[in-house]
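S.K.: Okay, handing you the structure first.
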Amino acid sequence: MANQTVANFLTLPSLTTLNLSHNEIGDTGAQSLGYALQHNRTLTILYLDSNRISHAGAKSLADALKHNTRLTTLHLWNNQIGNVGAQSFGDALKHNTILTTLDLSANGIGHVGAQSLCDGLQHNTRLTTLQLWHNEIGAVGAQSLGDILKHNTTLTTIDLLSNQIGDVGAQSLGHALQHNAILTTLCITYNQIKDVGAQSLADGLQHNTTLTTINLEGNQIGDVGAQSLGDALQSNTALTTLKLDNNRIGHLGARSLGDGLQGNTILTTLDLSSNKIGDVGGQGLGDGLQHNTGLATLDLWNNQIGDAGAQSLGDALKRNTSLTTLNLSYNEIRNIGARSLGYGLQHNTTLTTLDLDKNRIGDAGARSLGDALQHNRVTRILFFFHSMPSPVSSYLDAHHTKPRWKSNAA
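Next up, the structure:
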């Protein structure tokens, strides 16, 4: 794309959003855009993802932010700005009072660049969303962000997916949560965080009153870290979404989270998929659900839960009045567990989605589930079965009165 053509876009009098992603405009194109942005008074959103922009082009764009009075959102995902480019944006943040969203993900930014951005944030009073996923800020960069969060009064969302922050970085963020009263969403997935880091984050959650979503997917958190998070749930009054999928949580950690659910009325979504909680962990969560009145979505996909765990969850369904979605796919549930779930559904009036894909449920279990459809008062239930035997499918066809189940085998 010719550089003059790039700049000409900004002469359009009514243009408010411009997406030039994946166009290989390079530094020359970014420099032309930067010059045009200094005088533009209409554009509010600019996408420049995947354009081979390096620190030179980043400097031109950052310089433009010092003068531009309209742009609120800038996306530069998957470029090559590095630490030097991040330094330019850090300097721009000291002067800019308009930008609310900055995405510098996948740009080879290390802890030096992160520190520069934090220096800018010390003076910035507008930015609400900072996306830095797939960079290399490490523990040192996370420490810089943690220090800023103790005093920052505008940032509500931070995404640090895959930045190798580890336990030390998580500890810094956990300490920051004890003082921060603005942040609502923190994504620190795939960051090599273990139990020590999870414990610090849990300590932060016990004092924090604003964070509503924390995503810890793909870390290395085990039972000890999960126990700390379970304890935090008993006192936290803000968190609505806790994602712990693809960690190393076993039955002890699941039991602690179940204990946390008993006293918690705020959490609405808990994702424990792809852990190893087993039957005992399923029982612990079932016990928690019997007393919980807030959780709406529980994801237990791929957790080695068998009939005993399903029985406890079935018992919980008889009493629980808040759960609307339960994912038990890719477990080891057979007929006995399916019967228990069926019995629970006969008394339950809130569940709308039940995923049982990839279990080992046969004809007898399907009959119990089919009977539940006759007695259950919920308006819509989806039953997912993979490679369902034809007798099972026929039975469910004959016994449901509303279009409330779906087979993946169809």
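The sequence shown runs 461 to 870 under our numbering.
A virtual CB, placed ideally from N, CA and C, is assigned to each residue, including glycine.
#1: Please list, in chain order, all residues of the same chain as Gly-580 whose beta carbon is under 8 Å from its beta carbon, the five residues on each side excluded.
#2: Smallest Cα separation from Thr-757: which of Asp-731, Asn-651, Gly-741, Leu-693?
#3: Roughly how many whole angstroms lie between the Cα atoms of Gly-744 and Ile-737?
#4: Determine the direct distance from the alpha carbon of Ser-565 to that of Leu-480, and round the result to whole angstroms.
#5: Among the candidates Asp-563, Gln-652, His-639, whose CA atom is the shortest distance from the CA of Gly-598?
#6: In whole angstroms, give me the CA-to-CA distance for Gly-825 and Arg-779.
#7: Rounded to a whole number of angstroms, what is the C-alpha to C-alpha distance between His-846 and Asn-707?
#8: Please classify His-555: does DSSP put it in a helix, a strand, or coil?
#9: Identify every run of the beta strand (DSSP E) within the stretch 494–568, keeping only runs that are complete inside it and at least 3 residues long; order them along the chain.
#10: So, helix, strand or coil for Gln-694, using DSSP?
#11: Please list the terminal residues of the continuous alpha helix (DSSP H) segment that includes Ile-608.
#12: Would you give the residue range spanned by the alpha helix (DSSP H) that Gln-591 belongs to?
#13: Should Ile-625 go down as buried or exposed, given a rule of 16 or more other Cβ atoms within 10 Å for buried?
#14: Considering only residues of the same chain and omitting the five flanking positions on each side of Asn-808, which have a CB-CB separation below 6 Å?
#15: Let me make sure I understand the geometry here. Which of Asn-595, Leu-633, His-594, Trp-593 has the alpha-carbon closest to that of His-611?
#16: Using the Cα positions of Thr-532 and Gln-591, report the straight-line distance between them to the nearest angstrom.
#17: If we ignore side chains and look at the alpha-carbon of each, how far apart do Arg-586 and Asn-483 end up?
#18: Could you pull out every unbroken alpha helix (DSSP H) segment of at least 4 residues lying fully inside the stretch 661–719, listed in chain order?
#19: Does the Cβ-Cβ distance between Ala-546 and Ile-569 come in under 7 Å?
#20: What are the start and end residues of each continuous beta strand (DSSP E) run of 3 or more residues lying completely inside the stretch 770–828, in chain order?
#21: In chain order, which alpha helix (DSSP H) runs of at least 4 residues are fully inside the stretch 615–670?
#22: On the criterion of 16 or more Cβ atoms from any shown chain inside 10 Å, does Gln-687 qualify as buried, or is it exposed?
#23: Nearest-angstrom Cα distance between Thr-697 and Thr-669?
#24: For Thr-757, name the three-state secondary structure that DSSP assigns.
#25: Inspect the beta-carbon positions of Lys-703 and Asn-735 and report whether they are closer than 7 Å.
#26: State yes or no: is the C-beta of Ile-485 within less than 7 Å of the C-beta of Asn-511?
#27: Taking only the alpha-carbon atoms, compute the straight-line gap between Ile-608 and Thr-672 and give it to the nearest angstrom.
M.R.: Based on what the coordinates show:
#1: Phe-549, Gly-550, Asp-551, Ala-552, Leu-553, Lys-554
#2: Asp-731
#3: 9 Å
#4: 17 Å
#5: Gln-652
#6: 21 Å
#7: Low per-residue confidence applies at His-846: pLDDT is 48, beneath 50, and the placement is therefore not dependable, though the value from the model is reported in the following sentence. Each residue's alpha carbon lies about 25 Å from the other.
#8: helix
#9: 505–507, 533–535, 561–563
#10: coil
#11: 598–609
#12: No alpha helix (DSSP H) contains Gln-591, which is instead part of the beta strand (DSSP E) from 589–591.
#13: buried
#14: Leu-777
#15: Leu-633
#16: 14 Å
#17: 30 Å
#18: 683–693
#19: yes
#20: 785–787, 813–815
#21: 626–637, 655–667
#22: buried
#23: 6 Å
#24: strand
#25: no
#26: yes
#27: 19 Å
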